[in-house]
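Asker: Have a look at the structure that comes next, please.
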Amino acid sequence: MGLALPIVPSPALLESGQAFFTFQPACELKAQEGPLQIDLTLRSAVSLALIAQWFGELRERTPVVWLPNYFCNSSLGPLRKAGANLTFYPLNASLEPDYSWCREHAEHTAPDIFVLVHFFGYASNAGEALRFSEQFKSVLVEDAAHCMSFTAQIGAKGAFALRSPHKLVAAPHGALVRFDPARLKFWPEQLQQRAQALWRDKLTQLPQSRDLPIAWLCKRTLQQLIGGRLPAVNFDPALDRIPAVNTPVQRPSRGVLQLLVAAQNQVAAICDRRWENFRIWEESIGAWGLSPGWSELRGRLGCPYLFPFTAADPHSLHAGVRRLQSAGVPVMSWPDLPPEVLADPVAHAGALALRSKMYFLPVHQGLTPWALAQKSTAHRTARIRLPKVEFLELDREAWDLKVSRAQFPSLLQSSAWAEAKRREGWDCRRVNATLRGEEVALIQILKRRRGPLLVQRINRAPLLLHALNPADLEALYRAVAELAGVFKGTVLSIAPPLEFGAQHLGILKAAGFRPNFRSRRPWISSSIDLTRSEEELRAGLEKKWRASLKKAAGEGLQVVSSSEKARVGDFLLRYQEFVAKRSFDGVPVPLLEDLYEAGKEQDLLLVLDAELEGGAVASVCIAQHAGVSTYLAGFADEEGRRKQASYLLLWEAILLSKRAGMRYFDLGGTDAVLTPEIAAFKRGLGGKEYRLVGEFYRI
380 MGLALPIVPS
390 PALLESGQAF
400 FTFQPACELK
410 AQEGPLQIDL
420 TLRSAVSLAL
430 IAQWFGELRE
440 RTPVVWLPNY
450 FCNSSLGPLR
460 KAGANLTFYP
470 LNASLEPDYS
480 WCREHAEHTA
490 PDIFVLVHFF
500 GYASNAGEAL
510 RFSEQFKSVL
520 VEDAAHCMSF
530 TAQIGAKGAF
540 ALRSPHKLVA
550 APHGALVRFD
560 PARLKFWPEQ
570 LQQRAQALWR
580 DKLTQLPQSR
590 DLPIAWLCKR
600 TLQQLIGGRL
610 PAVNFDPALD
620 RIPAVNTPVQ
630 RPSRGVLQLL
640 VAAQNQVAAI
650 CDRRWENFRI
660 WEESIGAWGL
670 SPGWSELRGR
680 LGCPYLFPFT
690 AADPHSLHAG
700 VRRLQSAGVP
710 VMSWPDLPPE
720 VLADPVAHAG
730 ALALRSKMYF
740 LPVHQGLTPW
750 ALAQKSTAHR
760 TARIRLPKVE
770 FLELDREAWD
780 LKVSRAQFPS
790 LLQSSAWAEA
800 KRREGWDCRR
810 VNATLRGEEV
820 ALIQILKRRR
830 GPLLVQRINR
840 APLLLHALNP
850 ADLEALYRAV
860 AELAGVFKGT
870 VLSIAPPLEF
880 GAQHLGILKA
890 AGFRPNFRSR
900 RPWISSSIDL
910 TRSEEELRAG
920 LEKKWRASLK
930 KAAGEGLQVV
940 SSSEKARVGD
950 FLLRYQEFVA
960 KRSFDGVPVP
970 LLEDLYEAGK
980 EQDLLLVLDA
990 ELEGGAVASV
1000 CIAQHAGVST
1010 YLAGFADEEG
1020 RRKQASYLLL
1030 WEAILLSKRA
1040 GMRYFDLGGT
1050 DAVLTPEIAA
1060 FKRGLGGKEY
1070 RLVGEFYRI
C-alpha cells in the first residue's frame, strides 16, 4: 500500500513511464510539508556525487562532505571525481556518529553535507543527526543503501535520502534518491526555491543508461542454475584497498526499471527470507566458536543486509573463520577503508578495529534456510548413538484419551480431522511413540493409495508429551522417517510442529528428510496463553486494538455463540458467499462441513455472531479441541466493518475459550507476506508468534 504524501515525480522518472519505487509496503513515513522529489540513478554513489555537484553550483563553492570513517572507499569514486572535500568522522560502539568529536571539529570547519549511514539495515538515530545538521546549517543526507525500505526511522529526517534497491533485489543497478526541500528550512526561502529548481534540472539532464548488462545477465543465469546453494566468495582479512568503481552519472535503463518494478511486489517475501537466513546464522554461529555482531542493536534492524559476527579475541575469530571456510561457508569482509582513514590509524582506531574484528555471512534471498542449516551442522563430525523408538498402535478411543496430554495439541491431529479427511479418501493410522519404555509422542498418519504407491501424510505431528533433548528428538524423527522407503513402496510427507531454526532443520536433515520446495510457505501463527487472567489478556492488547475493541463494545452489538447445526450451517452459507465475492483462499467450506459432522458430538465447531437488530453483521468460527481453541474462519459485512465487530467477536471468542478451560487460543495464521492485513489485525492481540520449519518428504 502507498503513502499519502504529496509527490512530484521528476521528469526523468516520468519519461521512463515508471513512476514507481517511491514507497515500500512496510513504510511508516509521516506526511511532510512541501513536495518530495524522487528519482533513480545507477547507484547511491552517483546520487551522493550529484548532491555534491548540486551544492557546489548552488553555493558556488567546493562542498565539505562529512562521512563516517567506517565507509567503503570503492563507493567514493564519483564523489571524489565531483571535487568534494572529504572529512571522515568517528563512530561509537553503536555505529552512531561521535557527536562530541563532530561538534568540536564543526566549530572550526562545519560540514556542508553531513552523511548519516544506516549500516547493514540498522536504523541510526536520524533525529540526533538532524539536530546536529540544523545547528551547523548542513545538508543532512541519510545513506540507507543497505536498507530495503524507508521508514519512520530511516529516511524521514534527511534533506536527501538514498537507497540502493539493486543491493537487495535482482537488478544490476538502480538507486533511489529522495529530496525533501522542507528539510532546508534553515536556508532563506529564496535559496530553498533555487535549490529545488536546480535539483530538478540536474535530474532531468541525466542520460539513461543502456539496457541490461550482458555480464550481469550471465551471472544471474549461473545463480539460477545453482539456486539455493552457497556460492564461493573471495575473502581477504588483510584487504585494505579496492579500486574505486568508475560508475557513470546516469539513470537506469528501461529494462532495469522493469526489474525493480517486479521486485516491488516481492519486498515482503524478500525481507522475510532474509530474516529467516539471519536467524539461522544467529542460532548456529556459536557452534563455530563465534558470536553475533552488534546483537545489542538487533531491535533497530529492519531488513538484514548481511549477518555480522565476531569473537571474544582475534585468535578465536580467525580460527572460526577458517572453520567456516573449510566447510564451504563464504565469509566476507567490509569495507575497503578510505586511504585517509588508513593513513591516520590513531584518529581512526575505531574504524580500523571494526574492520579487523567484524566479518559477515550472506543472508540474501537466493539462499534457502535449508542450505544454511546444512552448513551450520557441518561441524558435527561424530555420529551420535541414538536410542531406539518403537511405535504402538492406538484406536480412536485411546487416541482421544491421550491427545489432550500433548504439550501443544493440534486440530490437524484430532480424530475429528481424520474423520473429515476420510471423506476425501484418506485412511488413518494412529501410533504412540515410546522411547526407553516411556510414551514420548503421538502421531496420527493419514494414508491413501496412489497407484502402486502408499502416500502417507503427517500434519503437525509428532505431538510431544513432554520436552525431549536434541538426541531423543532426532531419534524420534529418524523412526518416523523409517515409515517411508523405496522398497516399502511408500512416500511420506510431513509438516512437523518444530519451530523454525537451525537445530530443528539439522535434525530433519539427519533423519533423511528433504524440504518440499513446491509447498506453500511455512506455517506462521500466533498463540495466546489462556492461563493468564482476563486483565492480563486485555493488557497484552496493542493500544490501537484496545481502542477498536472499546469502540465495538459501544456500538450496541450483541454476541451470540452456538454449536447448533442451524447456526453453523447459516455461517457456512454466508462464509461461502463471502469467499466467492472476495476471491481469497480460506478454509474450504466442504472441509468445514465435514469437520462439523465429524465433531458435532463434542461440539467441536463454535460460531460467534455479532448481531445488530436481529441480523448478523460479522461472524467467526473456532474449533475447540484437547485444550486448544483454533480460529478457522471469519467475515464481516460493510456494517460490521464500520462498527469494527471483528474486534469484539475475536475478543469474546478468546474469553469464551478461557472460560471453557482451554489452555491456548491459536489465531490460525499470521503470515505478513501472504495476508498482511489479516496478520496485522491478529498480531494486535499480543500473542506469541511462532514459525514452523515447513513441509518435508521422505521416499
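Per the numbering used here, the sequence shown runs over residues 380 to 1078. Virtual Cβ for every residue (Gly too), placed ideally from N, Cα, C. Predicted, not measured: the structure shown is a model, and the values here were computed from it.
Enumerate, from N- to C-terminal direction, the unbroken beta strand (DSSP E) stretches of 3 or more residues contained entirely within the region 768-851.
Answerer: Fully enclosed beta strand (DSSP E) runs of 3 or longer: 768-772, 806-814, 817-829 and 832-838.
Asker: What three-state label does DSSP hand Trp445 in the structure shown?
Answerer: strand
Asker: So, is the C-beta of Leu862 closer than 8 Å to a C-beta in chain B?
Answerer: Within the model displayed, chain B is absent; a lone protein chain is all it includes.
Asker: Buried or exposed for Ala463, please, with buried defined as at least 16 other CB atoms from any protein chain shown within 10 angstroms of its CB.
Answerer: Ala463 comes out buried.
Asker: Measuring alpha carbon to alpha carbon, tell me which of Leu814, Glu521 and Arg899 ends up nearest Ala505.
Answerer: Glu521
Asker: Report the three-state DSSP secondary structure of His1004 (helix, strand or coil).
Answerer: strand
Asker: The alpha helix (DSSP H) spanning Tyr1026 covers which residue range?
Answerer: Counting along the chain, the alpha helix (DSSP H) containing Tyr1026 begins and ends at Ala1024 to Arg1038.
Asker: In whole angstroms, give me the CA-to-CA distance for Ile1057 and Thr1009.
Answerer: Between the C-alpha atoms of Ile1057 and Thr1009 there is a straight-line separation of about 15 Å.
Asker: For Asp1000, count the other beta carbons within 10 Å of its own beta carbon; 16 or more makes it buried, fewer makes it exposed. Which is it?
Answerer: According to the sequence provided, residue 1000 is Cys. The question's Asp does not apply to it. By the neighbour-count rule (16 or more Cβ atoms within 10 Å), Cys1000 is buried.
Asker: Should Cys597 go down as buried or exposed, given a rule of 16 or more other Cβ atoms within 10 Å for buried?
Answerer: exposed
Asker: Please report the distance separating the alpha-carbon of Ala932 from that of Leu1027.
Answerer: 7 Å
Asker: Using the Cβ count rule (16 or more neighbours within 10 Å means buried), how would you classify Asn452?
Answerer: buried
Asker: In the structure shown, what three-state DSSP assignment does Ala391 receive?
Answerer: Any answer about Ala391 is weak, because its pLDDT of 40 lies below 50 and its placement is not dependable; what the coordinates show is given next. Three-state result, Ala391: helix.
Asker: Decide if Asp715 is buried, meaning its Cβ has at least 16 other Cβ atoms within 10 Å, or exposed.
Answerer: buried
Asker: Start and end of the alpha helix (DSSP H) containing Gln416?
Answerer: Element bounds for Gln416: not the alpha helix (DSSP H) but the beta strand (DSSP E), Gln416 to Thr420.
Asker: Figure out for me which residue from Val708, Lys767, Arg734 and Leu771 has the closest Cα to the Cα of Val742.
Answerer: Of the candidates Val708, Lys767, Arg734 and Leu771, the residue whose Cα lies closest to the Cα of Val742 is Val708.
Asker: Pair every Cβ in the region 911-925 with every Cβ in the region 944-955, then say whether three or more of these pairs are closer than 8 Å.
Answerer: Not touching, per the Cβ criterion.
Asker: Return the residue from the list Ala524, Lys754 and Cys807 that minimises the CA-CA distance to Ala706.
Answerer: Lys754
Asker: Would Val518 pass as a contact of Phe434 if the rule is Cβ separation under 8 Å?
Answerer: yes
Asker: Measure the C-alpha to C-alpha separation of Tyr501 and Asn471 and round it to an integer number of angstroms.
Answerer: 14 Å
Asker: Can you name, in chain order, every residue of its own chain whose Cβ lies under 6 Å from the Cβ of Phe565, other than the five neighbours on each side?
Answerer: Hits under 6 Å: Glu513 and Lys516.
Asker: Return the CA-CA distance between Arg925 and Arg917, expressed in angstroms with no decimal places.
Answerer: 8 Å
Asker: From the DSSP output, read off the bridge partner residues of Gly994.
Answerer: Leu991
Asker: Comparing alpha-carbon positions, which option in Trp667, Glu878, His497 and Asn895 lies nearest Gln532?
Answerer: That would be His497, whose Cα lies nearest to the Cα of Gln532.
Asker: Does the contact criterion of 3 or more C-beta pairs under 8 Å hold for the region 830-846 versus the region 787-800?
Answerer: Touching, yes, given that three or more Cβ pairs across the two stretches are closer than 8 Å.
Asker: Taking Gln514 as part of the beta strand (DSSP E), name the residues at either end of that continuous run.
Answerer: That residue, Gln514, is in no beta strand (DSSP E); its alpha helix (DSSP H) goes Ala505 to Gln514.
Asker: According to DSSP, is Tyr1043 helix, strand or coil?
Answerer: strand
Asker: How is the beta strand (DSSP E) around Asp908 delimited, first residue to last?
Answerer: Ile903 to Asp908
Asker: Between the Cα of Gly994 and those of Arg953, His694 and Asp973, spot the shortest distance and give me the residue it belongs to.
Answerer: Arg953
Asker: Measure the C-alpha to C-alpha separation of Leu862 and Thr869 and round it to an integer number of angstroms.
Answerer: 8 Å
Asker: Figure out for me which residue from Leu455, Ala752, Phe450 and Tyr449 has the closest Cα to the Cα of Leu429.
Answerer: Closest by alpha carbon: Leu455.
Asker: What separation, rounded to the nearest whole angstrom, lies between the Cα atoms of Leu909 and Leu1064?
Answerer: 12 Å
Asker: So for Phe467, helix, strand or coil by DSSP?
Answerer: Taken through DSSP and simplified to helix, strand or coil, Phe467 comes out as strand.
Asker: Ile873 lies in the beta strand (DSSP E); which residues open and close that run?
Answerer: Thr869 to Ala874
Asker: Check each candidate in His883, Ala795 and Pro718 and name the one with the smallest Cα separation from Gln981.
Answerer: Ala795
Asker: Please return the same chain residues whose Cβ sits closer than 6 Å to the Cβ of Leu871, not counting the five positions on each side in sequence.
Answerer: Cβ neighbours of Leu871 beyond the five flanking positions: Gln835, Leu862, Ala863 and Arg1077.
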